[in-house]
Amino acid sequence: MNLTIIGCGYVGLALAQRLQPRRPQLRLTLTTTSNERLEELTPLADRVQRCDATERTQLLEVLRDCNSAVFCLAPKGNRQVDANGYHHTFVDSFTCLKSLLPQLPNLRQILYTGSCSVYGDAQGDWVDEQTTPEPGAGHGDVLWQSEQLLNAICERQVCILRLGALHGPGRDLDRRLRGLAGLERPGSGSSFSHWIHVDDAAGALEAALDGEWTGVVNVVNDEPIRLRDLVARSLSRQGLAPVRWLGEQEPHPEGRRIRNRRLKQLGYRLQHPTLDQSGVFSSSQMP
Ligand SMILES: NC(=O)c1ccc[n+]([C@@H]2O[C@H](COP(=O)([O-])OP(=O)(O)OC[C@H]3O[C@@H](n4cnc5c(N)ncnc54)[C@H](OP(=O)(O)O)[C@@H]3O)[C@@H](O)[C@H]2O)c1
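Numbering (my numbering), first residue to last: 13 to 299.
In structure tokens, the structure reads:
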């Protein structure tokens, strides 16, 4: 198999590392948009190439000989990117990909790590892959447009993995939530959040490649958790002062709970089914 991973950030890199034992039978190409990362990625791949996926010649070059492509893109930089930035990264890249398909007869399989944010609000109800996304305006809508571009590619195997929020080494929750200790926050914190460990994001991608999954698959753990519970448990575990929720009106007080049934039906077994398997974070399980 010739595989190209476009975007080797947190998830793309985890996938590349996971696939190392399968080389050299697997010919792996990794991409980065920056010269500084070429050296870091070189030991992990047969080929490391600079590629901005919105640029036709660069994208064609990295996809020309491959059978499978995994798009793990996200806007660059630590600052919050607005919807236009999202549009450029996702919609422009997939528009570029679609325009190149006639020149890519060997490309059979296209995978994309999308986001559960496409679901929008469902007043706390359960949603699954059959639920029509209603993301509202903004980032979620751009991601939904991006999915639709890929879904319209009929002549290849396309799989969209809708990831929950990522956690794992380097993105551990306690460190990220510590800064909230003792603060007042608007709202009640009652909206549900969904998490996935980076090992499971990469594991599901590998399973999708091997199993030739198609369509949409939610990749979240078994534990939708309300924001206030997530924060309270993390701060309490760290011996820090709780957040005081001010209880004002919120636009989406409940959010939605996302089912991962299809992921399991496809045979994937989560390595990290809950945030804390020791029970500190145990919460309502999926029905
Ligand atoms: N982070 C989350 O919690 C979360 C939640 C839900 C879904 N997701 C989805 O998961 C995917 C991966 O997330 P992540 O956290 O691994 O992202 P990340 O660490 O920010 O990595 C994204 C990579 O995309 C590359 N990139 C950016 N613009 C590009 C372009 N125009 N062309 C080619 N490559 C480009 C960058 O490469 P270089 O820096 O090497 O140039 C960067 O390393 C995203 O698609 C995101 O939608 C993430």
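Glycine included, C-beta positions come from ideal geometry on N, C-alpha and C.
Mark residue i as exposed unless 16 or more other C-beta atoms lie within 10 angstroms of its C-beta, in which case mark it buried.
i	result
Glu-159	buried
Ala-149	exposed
Asp-94	exposed
Thr-41	buried
Glu-224	exposed
Cys-166	exposed
Asn-233	buried
Gly-279	exposed
Arg-281	exposed
Ser-246	buried
Thr-144	exposed
Thr-286	buried
Thr-69	exposed
With a threshold of 8 Å between beta carbons, is residue i in contact with chain D?
i	result
Gln-283	The structure shown contains no chain D, having only a single protein chain.
Taking residue i as the reference, give the member of the options with the closest Cα.
i	options	result
His-151	Glu-141, Glu-167, Val-130	Val-130
Gln-115	Ile-18, Thr-101, Leu-71	Leu-71
Leu-175	Phe-106, Phe-102, Val-229, Thr-44	Val-229
Gln-157	Glu-146, Ala-26, Glu-167	Glu-146
Ala-177	Glu-141, Arg-188, Gln-32	Arg-188
Arg-39	Cys-78, Arg-49, Gln-61	Cys-78
Glu-260	Ser-202, Ala-214, Ile-237	Ser-202
Gln-169	Leu-161, Thr-226, Leu-195	Thr-226
Asp-186	Ala-244, Lys-88, Thr-66	Ala-244
Val-60	Tyr-98, Thr-66, Gly-19	Gly-19
Cys-128	Asp-140, Arg-249, Arg-197	Asp-140
I need the straight-line Cα distance from residue i to residue j, nearest angstrom please.
i	j	result
Asp-58	Ser-111	26 Å
Gly-136	Glu-266	5 Å
Ser-290	His-284	Confidence is the limiting factor: at Ser-290 the pLDDT is only 34, short of 50, which leaves the residue's position unreliable, though a coordinate-based value still follows. Their backbone Cα atoms lie some 11 Å apart in a straight line.
Asp-153	Ala-86	15 Å
Arg-120	Val-74	15 Å
Glu-235	Arg-271	9 Å
Gln-277	Leu-221	16 Å
Gly-21	Leu-217	14 Å
Cys-275	Val-231	A quick correction: the sequence has Leu, not Cys, at residue 275. Answer to the nearest angstrom: the Cα atoms are 7 Å apart.
Glu-262	Gly-191	22 Å
Cys-171	Ile-237	26 Å
Val-23	Leu-252	30 Å
Gly-182	Ile-208	14 Å
Ser-200	Arg-49	42 Å
For my contact list, residue i and residue j are in at a C-beta cut-off of 8 Å; report their separation, rounded to the angstrom.
i	j	result
Ile-17	Cys-84	6 Å
Leu-25	Phe-102	In fact, because the Cβ distance is near 19 Å, the residues do not count as touching under 8 Å.
Val-255	Leu-195	6 Å
Arg-269	Phe-204	5 Å
Jot down the residue ranges of each uninterrupted beta strand (DSSP E) in the stretch 94–162, minimum 3 residues, whole runs only, in chain order.
121–127
If you scan the stretch 169–224 from start to end, which runs of the alpha helix (DSSP H) of 4 or more residues do you find wholly inside it?
185–189, 210–223
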